[in-house]
Structure formats: structure tokens, C-alpha cells
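Peer 1: Counting in the working numbering, the sequence shown runs without a single skipped number right up to 466 at its last residue.
A virtual CB, placed ideally from N, CA and C, is assigned to each residue, including glycine.
Quantities reported herein were computed from a predicted structural model and do not represent experimental measurements.
Got a structure here, written out as C-alpha cells. Questions coming.
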Amino acid sequence: MNIGELKKEIGHSKDYIYRELTIDKRRIIILFNEVLTSSVDCNEFILERITTLKRKDFNNLLNILPDCNIIEIKKEEIFTYVNNGFFVIISKNIYAIEMKAALDRGIATTENELSVKGSKDAFSENFNTNLGLIRRRIKTTNLQCMSLNIGRTTDTKIGILYIKGIVDDTLIEQIKLKLSTIDIDGILDSTYLKENLESKNSSFFPTIMSTERPDKACMALLEGKAAIIVDMSPYVLIMPNFFIDFFHTVDDYYQKPINITFIRIIRLIAFITAIFIPALYIMVTTHNHDLISLDVLLSLKAQRESVPFPAIIEAIFMMISFEILRESDIRMSSTSGSAVSILGGLILGDAAVSAGIISPIMIIVVAISAISGLVFNSIELVSAIRWWRFIMLFLAGLLGIWGIIIGTIILFIRLATLKCFGKHYLAPFIPFIKTEFKDNIIKSENKGEKYRNPLITDNLKRGHFR
């Protein structure tokens with residue numbers, strides 16, 4: 001490749017730097033991107049050294065520069081490496097030397113998945129850093145990393161991680177097959193892959209988990225699951241996942257079993273409360289008055305005397321208002337977001353009750369339901385709870401108790417028939433797996449000890465992952 005070909009390929013971009021040099025009567029071309037490559041390292045470790053080389057040395061730079069990450073590449077691979085932060089030397093042979101600039105934010109602390117007693121480090125946007133955080137914890141060659149690139153334009157690096165001997169080989173083959181079918185212009189975040197890897201279903205519940213915590217990813221790998229690292233994404237994907245996984249946290253394994261068992265029961269109650277409380281209130285105030293005592297019914301009716309709307313309209317208005325406040329709290333800056341949402345909730349709630357638009361009990365019901373949904377840190381699960389809360393609300397408003405029963409049956413059927421990479425979403429409950437049942441609601445032993453059990457290895461070979 002000559003200078004003319006380089007100019008044609010680069011076009012008007014000014015961040016690509018190329019020079020034609022003559023060293024010991026040998027003409028060479030150097031090429032790099034100044035925003036992706038460390039200029040200081042290029043000057044100190046490459047340019048100063050190659051200017052002292054002899055003509056014959058350029059035929060075998062692999063041995064002349066042994067302390068650098070240097071590889072010999074083909075002509076058509078030049079810009080692939082340049083766009084990944086490599087310094088390219090074009091002579092009789094073409095060499096790419098890794099000199100990437102530090103463009104990531106380093107290892108920061110977790111922001112969304114807060115750690116109570118566990119490690120505080122979090123994944124970053126750097127592929128090698130994320131892989132290093134996992135290998136730092138799992139020090140074995142059985143931890144395999146299979147790399148590939150996806151995206152016609154972005155050519156994003158993807159890494160499939162698993163532990164050989166623990167993972168089910170069928171799972172890895174299914175993941176590779178799904179990734180090979182993805183044809184997209186660019187992968188800018190792991191979420192792009194998540195949408196393509198998840199089963200096409202209408203259940204709203206997530207089957208693939210994303211995490212920013214390295215210890216959580218390592219625990220999943222030790223369970224026999226697979227993890228996917230995406231370059232430029234601070235979230236690692238874990239698969240397959242089951243319904244009960246969203247009721248567990250990494251900190252569960254850093255505390256006493258009796259305390260964690262209680263907390264898991266609370267999470268289960270919060271899940272049921274978040275979905276059913278508004279629907280139950282609509283049911284007893286609209287259709288099934290005989291399900292509660294007369295005194296409680298009269299108290300509820302008295303609070304709604306001045307409200308001009310039906311109870312279901314009142315509930316929908318309050319639930320939408322809460323979602324607006326929650327979204328504004330997320331999108332606004334951290335310095336003012338919480339203050340604005342709290343102020344908005346207090347003023348709007350008090351004003352609505354004073355004006356007789358909303359009853360006080362409705363504010364309590366919606367607040368309990370909304371707060372219960374916030375127990376979970378998975379955005380996808382919170383969104384699923386939100387959808388099913390509205391579905392149950394409409395069914396209760398139309399059919400009363402029969403609507404709730406029908407909605408519950410539909411919800412159970414959807415969860416029971418949902419699969420992730422061929423595995424049942426409600427496992428180990430449906431189907432019932434006795435050996436996998438002991439660390440779900442009731443916490444028993446540590447994961448690090450649990451997976452030494454030969455029964456677990458046998459189950460993994462049969463396709464069970466918990």
C-alpha cells in the first residue's frame with residue numbers, strides 16, 4: 001500500500017496520521033489514529049527505536065521489538081487494527097503494534113447494583129479491563145474466553161466466557177449460533193445483543209440478566225452459566241437466567257443464612273404486592289364488596305365520597321403520575337432529581353387529596369405497590385411488574401375477583417411455558433429438581449461450597465444450571 005492508496009481510503013479525516021520515512025535507505029510508511037493511539041508511547045517506544053534500525057531489521061520486526069505487542073498483518077487488515085488503537089508499520093511486510101490510548105474511565109464503583117458488604121469494583125467500557133476483573137477472581141485455565149466481532153460498521157469485539165467442565169456445551173453452541181445470525185450495522189452496548197439473544201415472547205419478563213458487578217458474573221460462571229462481554233459496554237450479560245435468580249443478590253452470600261432467608265421472603269411478598277395490591281383494591285371497592293368487613297368497606301367508601309371518578313380511573317391516574325415522577329427522577333441530574341421528585345410527589349399528592357380528585361387510601365395503595373416494585377434492581381423486571389400491574393388492574397375493574405383469578409392463571413402459564421436457551425424459566429420449581437431446590441427461597445450454604453457437590457455436576461450435564 002502506498003501513500004496515494006492511504007489518502008483515498010482515509011478521505012477528509014484529519015485524525016489519521018501517516019508519514020513516509022526513509023531509514024537506512026529503506027522506505028517505510030507509518031500509520032496510526034491520533035485519538036485512539038497514545039502519542040507518547042508511539043514516540044518513546046516505537047519511533048525512537050525504529051530510527052536506529054538497519055535495513056534488514058525491517059524484515060523481522062517481530063524479533064526486533066520483542067517487548068511490544070506486535071503482530072504481522074495482511075493489507076486488508078490495516079484499518080481494522082488502526083481503528084483499534086494499533087500503530088501500523090508498512091514496509092515489505094506489514095506490522096501492527098498495540099499502542100492504545102487510555103480512553104476508558106478506569107475501574108469505578110458500582111452505581112446501580114449497590115454493594116452492601118461485597119466488593120465495590122465495577123465493570124468499565126474497556127474489554128480487557130472487564131476480562132481482567134473476572135480472571136482476577138477465577139484463576140484457572142478452565143475459564144475460557146471465545147472472541148468474535150459483530151457489527152458491519154462498528155466491528156465490535158464480543159467475548160463469550162464460560163468455565164470448561166462446568167458449563168453445558170449445548171448452551172455455548174446455542175449462544176454461538178444466535179450470535180452468528182446477528183446482522184446489524186453496529187453494536188454500541190450489550191443491550192443490542194440482549195434483544196437478539198432473548199427468546200421472542202410476550203411475557204415481559206427478562207430471561208437474560210445484565211450486571212455491572214464482577215463478583216456477580218463470577219458467581220454465575222461458577223454455576224455453569226455463560227457471560228458475554230461487549231467492548232465499550234460497562235454491563236456484562238449472564239445467561240440463562242431463571243425467575244428465582246431475580247430474587248437473589250450477590251450480597252446474599254456475604255451474610256447469615258437466617259437473615260437472607262427472611263429478606264428473600266420479603267422480596268417475594270414485595271413482588272406479589274407490587275402486582276396485585278391495586279387490583280385487589282379495585283376489586284373490593286367496585287365488584288366484590290362482600291370479601292371485606294362492613295366497617296372497612298364503609299371507611300373506604302367514605303374516603304371516596306368527594307372523588308368524581310371511578311376507582312379504576314383514579315388508580316390509573318395515580319400510577320401514571322408515579323411513573324412520570326420516577327422517570328423524571330432518573331433523567332434529571334443527581335443534584336436536583338431527588339429533590340424535584342419528592343417535592344412533586346408531596347405537593348401533587350396533597351393538592352389532589354385537598355381538591356377531592358384523589359382519595360387518601362388510593363395514594364397509599366399506589367405508593368405501596370410502587371415502592372414494592374423498587375425492591376428489585378433489574379430494570380427489565382421492574383418493567384415487567386409495571387405491565388402486569390396494569391393488566392391485573394384492568395381485569396379487576398372489568399371482572400372483579402374472576403378477573404384477578406384469570407390474570408393470575410395467565411401469568412402463571414406464561415412463566416411456566418417461558419424458556420431460556422431451552423431451560424424452563426421456573427426451574428427448579430417447574431420442573432421440580434430436588435437437588436437444586438435448597439438454595440432458592442431458603443438460603444442454605446455458600447455457592448463456593450455448593451458446586452463441589454457431584455450431584456450438581458451431574459445435573460449440569462443433564463442441562464440444569466442451578
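Can the beta-carbon of S91 be found closer than 8 Å to that of F45?
Peer 2: Contact flag unset, no.
Peer 1: Taking 8 Å as the threshold (C-beta atoms), are R105 and S119 in contact?
Peer 2: No, the pair does not count as a contact, with Cβ atoms beyond the cut-off.
Peer 1: Would A311 and I282 qualify as a contact pair, given that the criterion is a beta-carbon distance under 8 Å?
Peer 2: Cβ distance < 8 Å, so A311 and I282 count as in contact.
Peer 1: Following the continuous alpha helix (DSSP H) through R19, name the residue where it begins and the one where it ends.
Peer 2: Where R19 is concerned, there is no enclosing alpha helix (DSSP H), although the beta strand (DSSP E) it sits in stretches over Y16 to I23.
Peer 1: R26 by DSSP, collapsed to three states: which one?
Peer 2: DSSP places R26 in strand when its eight states are reduced to three.
Peer 1: Quick one: Cα of N259 to Cα of Y253, how far?
Peer 2: Looking at the two C-alpha atoms, the distance is approximately 11 Å.
Peer 1: Indicate whether the contact test is met: 3 or more Cβ pairs, each with one atom in the segment 243-253 and one in the segment 205-219, closer than 8 Å.
Peer 2: Yes: at least three Cβ pairs fall under 8 Å.
Peer 1: Taking 8 Å as the cut-off, does the segment 129-139 touch the segment 91-102 (at least 3 CB pairs, one atom from each stretch)?
Peer 2: At 8 Å Cβ cutoff, the stretches do not touch.
Peer 1: Suppose you measure from the CA of G403 to the CA of A370; what does that come to, to the nearest Å?
Peer 2: Cα to Cα, the separation comes out at about 21 Å.
Peer 1: Between which two residues does the alpha helix (DSSP H) harbouring V284 extend?
Peer 2: Where V284 is concerned, the enclosing alpha helix (DSSP H) stretches over P257 to T286.
Peer 1: H12 by DSSP, collapsed to three states: which one?
Peer 2: Reduced to three states, the DSSP call for H12 is coil.
Peer 1: Compare the beta carbon distance of I160 and I272 with 8 Å and say whether it is the shorter of the two.
Peer 2: Their beta carbons are not under 8 Å apart, which means I160 does not touch I272 by this criterion.
Peer 1: For A108 versus A96, is the C-beta distance shorter than 8 Å?
Peer 2: No, they are not a contact pair.
Peer 1: I'd like the list of long-range same chain contacts for I491, defined as Cβ closer than 8 Å, with 5 residues on each side in sequence excluded.
Peer 2: What the structure shows of the chain is the stretch from 1 to 466, and residue 491 is not part of that stretch, so it cannot be assessed.
Peer 1: Three-state secondary structure (DSSP) at F309?
Peer 2: If DSSP states are grouped into helix, strand and coil, F309 belongs with coil.
Peer 1: What is the residue span of the alpha helix (DSSP H) that F127 lies within?
Peer 2: F127 to R135 is the span of the alpha helix (DSSP H), which, as asked, contains F127.
Peer 1: In or out: F322 buried (at least 16 other Cβ within 10 Å) or exposed?
Peer 2: Under this definition F322 is a buried residue.
Peer 1: Do K117 and D251 have their C-beta atoms closer together than 8 Å?
Peer 2: Contact flag set, yes.
Peer 1: Have a look at S328 and M318 and give me their C-alpha separation to the nearest angstrom.
Peer 2: Roughly 15 Å separates the two Cα atoms.
Peer 1: If you run the structure through DSSP and keep just helix, strand and coil, what is L415?
Peer 2: Three-state result, L415: helix.
Peer 1: State whether the segment 410-428 contacts the segment 300-315, with contact taken as three or more CB pairs (one from each stretch) at a distance under 8 Å.
Peer 2: Touching, no.
Peer 1: Excluding the 5 residues flanking D15 on each side, which residues of the same chain have their C-beta closer than 7 Å to its C-beta?
Peer 2: Excluding residues within five positions, the ones whose Cβ falls inside 7 Å are N33, E34 and V35.
Peer 1: Are there 16 or more other CB atoms within 10 angstroms of the CB of F432, so buried, or fewer, so exposed?
Peer 2: Flag for F432 reads exposed.
Peer 1: Quick one: what's Y162 bridged to in DSSP?
Peer 2: Answer is Q144, bridged to Y162.
Peer 1: Measure from the alpha carbon of I320 to the alpha carbon of each residue in T286, S293 and R389, then state which is nearest.
Peer 2: Per the Cα distances, R389.
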